[in-house]
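Numbering-wise, the working numbering comes out as the position in the sequence shown, counting from 1, plus 1070. All residues carry an ideal CB built from backbone N, CA and C; glycine is no exception. Everything numeric in this text was worked out from a predicted model, so none of it was measured. Accompanying notes for the structure given below.
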Amino acid sequence: GFDRGERGAGTRNYAVVLGTSSRTAAFARLLAQRLQDEPPNDGFDGVVAVAHTEGGGDGVPNNHDLLLRTLAGFAVHPNVGALLAVDYGSEAVPNQLLEGYLRSESRTIDGVPHRFLSLGGGFERHLEVGANLLRGWARELSKARRQPLPAAHLRLALQCGGSDSF
1071 GFDRGERGAG
1081 TRNYAVVLGT
1091 SSRTAAFARL
1101 LAQRLQDEPP
1111 NDGFDGVVAV
1121 AHTEGGGDGV
1131 PNNHDLLLRT
1141 LAGFAVHPNV
1151 GALLAVDYGS
1161 EAVPNQLLEG
1171 YLRSESRTID
1181 GVPHRFLSLG
1191 GGFERHLEVG
1201 ANLLRGWARE
1211 LSKARRQPLP
1221 AAHLRLALQC
1231 GGSDSF
């Protein structure tokens, strides 16, 4: 696997496009889809979108704490080699709130190539900005190599029947 230090050991090395709210879901999916032609290799498994249906309204969602905890879990997951978090800046759960939550919970991503990108002033332009960032990270992530690690370093997550994390 990939040794992620205190984050544990990952069996994959993904670049993740994380939408902080439902309003950024289409952007996250389109950006990940745009990079599907980037060839995975032994050190890099590809780009994936984390999109969901929560937090897109103006009011605080009733599952606010669960939403932040879940998004933070994605951000620090050991299978994540790089993270691009996207928002519009006006949702109930913007990047700033997620970044603050990560720091307040000591779930730092400082060792992970990352950026918090606020969308505005041109959807297509931001797709290009995101694609350029992800391509650069993909080149770096491709240099990583899996190594034998103790199974005790694995962090497991569960998925039930393909439903989303929320």
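If we call anything under 8 Å between Cβ atoms a contact, is residue i one with residue j?
{"i": "Leu1137", "j": "Gly1125", "result": "yes"}
{"i": "Ala1098", "j": "Val1117", "result": "no"}
{"i": "Ala1146", "j": "Arg1173", "result": "In the sequence under discussion, the amino acid at residue 1146 is Val, which differs from the Ala named in the question. Going by C-beta atoms, Val1146 is not nearer than 8 Å to Arg1173."}
{"i": "Ala1208", "j": "Glu1108", "result": "yes"}
{"i": "Gly1078", "j": "His1223", "result": "yes"}
{"i": "Ala1152", "j": "Val1182", "result": "yes"}
{"i": "Thr1081", "j": "Asn1132", "result": "no"}
{"i": "Val1087", "j": "Gly1170", "result": "no"}
{"i": "Gln1217", "j": "Asp1112", "result": "no"}
{"i": "Leu1189", "j": "His1196", "result": "yes"}
Measure the alpha-carbon distance for residue i versus residue j and round it to whole angstroms.
{"i": "Gly1159", "j": "Ala1121", "result": "16 Å"}
{"i": "Arg1205", "j": "Ala1119", "result": "15 Å"}
{"i": "Pro1164", "j": "Thr1090", "result": "6 Å"}
{"i": "Asp1115", "j": "Asn1083", "result": "5 Å"}
{"i": "Asp1191", "j": "Glu1198", "result": "A small correction: the amino acid at residue 1191 is Gly; Asp does not occupy that position in the sequence shown. About 13 Å."}
{"i": "Thr1123", "j": "Ala1095", "result": "8 Å"}
{"i": "Leu1141", "j": "Leu1168", "result": "8 Å"}
{"i": "Ile1179", "j": "Gln1106", "result": "25 Å"}
{"i": "Ser1212", "j": "Ala1085", "result": "11 Å"}
{"i": "Glu1076", "j": "Glu1210", "result": "21 Å"}
Just curious, the beta strand (DSSP E) that residue i is in, first and last residue?
{"i": "Ser1174", "result": "Run containing Ser1174: none in the beta strand (DSSP E); it sits in the alpha helix (DSSP H), Asn1165 to Ser1174."}
{"i": "Arg1185", "result": "His1184 to Ser1188"}
I need the boundaries of the alpha helix (DSSP H) containing residue i, first residue and last residue.
{"i": "Phe1097", "result": "Ala1095 to Arg1104"}
{"i": "Val1086", "result": "Unbroken run through Val1086 is the beta strand (DSSP E), Tyr1084 to Gly1089; no alpha helix (DSSP H)."}
{"i": "Glu1194", "result": "Phe1193 to Leu1211"}
Taking the beta carbon of residue i as the centre, do at least 16 other beta carbons fall within 10 Å, making it buried, or is it exposed?
{"i": "Phe1193", "result": "exposed"}
{"i": "Phe1236", "result": "Its pLDDT being 44, under 50, Phe1236 is placed unreliably by the model, and nothing is read from it."}
{"i": "Ala1221", "result": "exposed"}
{"i": "Gly1071", "result": "buried"}
{"i": "Ala1155", "result": "buried"}
{"i": "Asp1157", "result": "buried"}
{"i": "Arg1093", "result": "buried"}
Whole runs of the alpha helix (DSSP H) within the segment 1101-1161, excluding any shorter than 4 residues: 1134-1146
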